[in-house]
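Right, one structure below, let's go through it.
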């Protein structure tokens, strides 16, 4: 069968869907203040969930029966909450992959904020990336 890729934001995907496969690497980095245009690619509000919550809430609508959603996120932005939102729609959720990595430049520049917010332990300089898989 032909592959028909669609690249865009959640609103675009909702208009064009449903899909057999959705791959998402949304902004998930907790941010201390309102996002400016230059940082929208990673800033996702104080808890890192500004994009994850609407994406997870729409997952059942985005997927065809038998469809699969793959979401990349950090444990700093509450993987359990994503799991719960996906499972609440009747999706079968699993962890496809995990990897612990050193902080890159964005998180390295936010350690004081992340520590003050209780999102990392004092001195922590690694994060765990998780790929959640949700099947309809």
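In the working numbering, the protein residues as written are 13 to 148.
Quick reminder that beta carbons are idealized off the backbone N, C-alpha and C, glycines included.
As the structure is a prediction and not an experimental result, all values here were calculated from the model.
The beta carbon of residue 86 lies closer than 8 Å to those of 40, 41, 60, 139, 140, 141 and 142 in the same chain, with the five residues before and after it left out. According to the DSSP assignment, residue 25 belongs to the alpha helix (DSSP H) that extends over 22 to 28. Per DSSP, reduced to three states, the secondary structure at residue 131 is coil, with no helix or strand assignment. Per DSSP, residue 35 is one residue of the beta strand (DSSP E) stretching across 31 to 36. DSSP places residue 68 in the uninterrupted alpha helix (DSSP H) bounded by 64 to 74. The beta carbon of residue 101 sits closer than 7 Å to the beta carbons of 71 and 72 from its chain, once the five residues preceding and following it are set aside; these are given in chain order.
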